[in-house]
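Asks: Residue numbers (this note's numbering): -17 to 163.
Here a beta-carbon is modelled for each residue, glycine too, at the ideal position from N, C-alpha and C.
1. On the three-state DSSP scale, how would you describe residue 59?
2. Just tell me which of 44, 150, 0 and 154 has its CA closest to the CA of residue 122.
3. Can you give me the Cβ contacts of residue 12 inside the same chain, cut-off strictly under 8 Å, excluding the 5 residues immediately before and after it?
4. What number of angstroms, rounded off, separates the C-alpha of residue 85 from the C-alpha of residue -2?
5. With distances taken between CB atoms, is the gap from residue 135 to residue 143 smaller than 8 Å?
6. With distance defined between alpha-carbon atoms, name the residue in 117, -5 and 67 nearest to residue 17.
7. Mind checking residue 71: buried by the 16 CB within 10 Å criterion, or exposed?
8. Can you look up residue -12 in the DSSP assignment and give me helix, strand or coil?
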């Protein structure tokens, strides 16, 4: 049972869950809110996700990735009843906060999180890192081998050092044009 915070106002709180069960917890919690008629105390449940572009088998795929694996956000007014409903949801391990007092997420943190989730352009995700050997599979440098020098996930570009004419030359390529060796 939480020690009362004095003021009872609506705020976002972070729940800790078993990793991989975030969607399950969100769904269970929504069902419990309806079944126990807690809509006036628990307003919203959210699993923060962002879209990323991942290169798989030479193709771009847009995937949704959890921003905070193992955590779910819940907008609620903390009372004994609402605390018990949330805390006793299967796979919830507890609230994030000190002791039994849940710590609310600040307005600034929520705004930056909403901005991050609402990004229209998905971010690129590639499974190579700086210093790794890659093979160029498309474009004028096809079949050349090189070493990753720089990665720009925002633009989907990668700089590769290619050995040409006896020295390393930097070449800027799209993520789709390279494959890890």
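Replies: In this structure, then:
1. The answer is coil: DSSP assigns residue 59 none of H, G, I, E or B.
2. Among 44, 150, 0 and 154, the Cα nearest to that of residue 122 belongs to 154.
3. Within the same chain, residue 12 has close Cβ partners 27.
4. Approximately 12 Å, taken between the alpha carbons.
5. Inclusion of residue 135 and residue 143 in the CB contact set at 8 Å is not warranted, their separation being larger than that value.
6. Nearest Cα to residue 17 within the set 117, -5 and 67: 67.
7. Buried: at least 16 other Cβ atoms inside 10 Å.
8. Annotation note: pLDDT 49 at residue -12 (below 50); position unreliable, no value reported.
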